[in-house]
Structure formats: structure tokens, C-alpha cells
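See below for the structure under consideration.
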Amino acid sequence: MLLLILGLLCVCFAIGYAVNFFLLKRKNELIFSKKLFYPFLIIGLFFSIMSLPLTAGNAPKAQADPSSEQLLKDQKELSSDISRIKADKESLISSLEDAEKEKEKLEKKLETITSEKETVKQQEKTIQSLEEKIDKLTSSNKTLKQKIKNSSSDTKSSTVQRSAPKDEGKSTGGHESQKETKKESAACNIKGSVNGIYHTPSSRYYSRTKNITKMFCSVEEAERAGYRAPKQ
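Residue numbers (the working numbering): 22 to 253.
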């Protein structure tokens, strides 16, 4: 822009000098100075020509100002979008961390449930083992009861055999022996039950007592054997 102004000034000076010379030539009879006219004219034209590209370059720049404003606006919007994306990213990271924590909690809960499940299985095995033991004990108890019952039957048989006469074809002495045996058999009528209780013929449970393990001839004998009287 400055070169254009200088060029125009030089050209104007050269033209003014020439016009002034030709108008005042007759009055003053001055000599036209080519050394003054041509250098200013050439310099002015040169500066003017040199300033044209710069002037043409400034015109698009001036026209590009609205575009620059649009670019600034777009840049601000882009910065705003970047800030929003960063905020969304931070929110997603926070959500991801929360999800990881929740995942860890669920994994721990799953481990606890698995451990409890194993404990329940172990308890079920223990219960099953105890049930098998109970079944075995029940079976053993039944077997023992049967043995006791058989033993009671054998005891009855042996008692009857001991109380029965040993020789029916003997003489009068044999009859007397039979009488003594019957008396002895009649005296040995105290029942010893499985429960460790003895029942005399006068006891209310005497006739109901079936599980007999031993017969006694006296209360003292039963008590010495560890049997006790029934509760009244």
C-alpha cells in the first residue's frame, strides 16, 4: 500500500512538472529538465506496478475475513465438542470402574455361594452317613432283641426242664424227689426282664412281662444279680 502511494506521488509530481513547464514556458522561457521528469515518472510507475500484486493479495485477505470468523466459530464448536467428549469419556471410565467393582462383588458372592454349596454337600454326606449308622444300629438293635427273645425262650425251656421230674419210673423216693423239685420250681418264679427289673408273682406287671432273661428263686438272688424292683 505504501509503494502505491509513493508511486502515485512520483507520477503526479512528474505530470505536474510537465504541465507546469508547458503552461509557463512562454512567460519564463524555462528549459524542460528531462533528468527531473523521467526519473520521477519511471520511479512512480515502478512503485505503482510493484504495489499491484500486494494490493491484489490484500483483497482476497480482506474477503477471507468472514471465512476466518467462521473458522474461529468452528474452532470454538470443535473445542466445545472435544470438552464434551472428554466429559463423556470420564463418565464412561467412571461407569467402567463401577462395573468392575460390581463384578468383583459378584465374583466374591459367587465364591461364597460355591463354598456354602460345598458345605451343604458335605453336611448332606454327613447326614447320609449318620442315617446309615442309625440304620445299622436299628438293625443291630433288632438282632439283639431277637437274641434276647431267643435267650428268654431258652431260659424258659431250661427252667421248665429243671423244674420237671427227672425220672417218672422211680420208686417212692423218686416221687418225693419230684415233689421237692416241684416245690423248688414253684419257688423259682421271679422273672428277670430285659430292662433289669424283676417281677414277683404279686407284681401287677408279672403276667405282662414277656422279655425274660432269667428266673430267680428269691428277691435277694435277683438283687444280687443286679436286678431292681419295679416302680410302684
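Glycine included, each C-beta is placed from N, C-alpha and C at the ideal position.
Fair warning: this is a prediction, and the values are worked out from it, not measured in the lab.
Residue i, enclosing beta strand (DSSP E) - first and last residue
i	result
T230	Neither: T230 is in no beta strand (DSSP E) and is coded neither H nor E.
S214	I211 to S214
Whole-Å CB distance - residue i paired with residue j, under 8 angstroms assumed
i	j	result
S88	L25	Wrong, their Cβ atoms sit about 26 angstroms apart, outside the cutoff.
Y248	Y227	Rounded, the Cβ-Cβ distance is 14 angstroms, inconsistent with contact.
A243	I211	6 angstroms
G213	K235	4 angstroms
G65	L30	7 angstroms
Local conformation of residue i per DSSP, three classes
i	result
Y59	helix
T221	coil
K252	coil
T164	helix
M236	strand
Identity of the residue in the options nearest residue i by Cα
i	options	result
A39	P60, L113 and E123	P60
L62	F43, L73, V32 and G37	V32
R225	P251, I36 and E241	P251
K170	K231, C238, S100 and E121	K231
S174	T221, I233 and L127	I233
K56	F67, A35 and M71	A35
Range of the contiguous alpha helix (DSSP H) that encloses residue i
i	result
A243	V240 to R245
Inset, instruction - Write down every uninterrupted run of the alpha helix (DSSP H) in the segment 87 to 153 whose length is 4 residues or greater and which is fully enclosed by it, in chain order. - result: none
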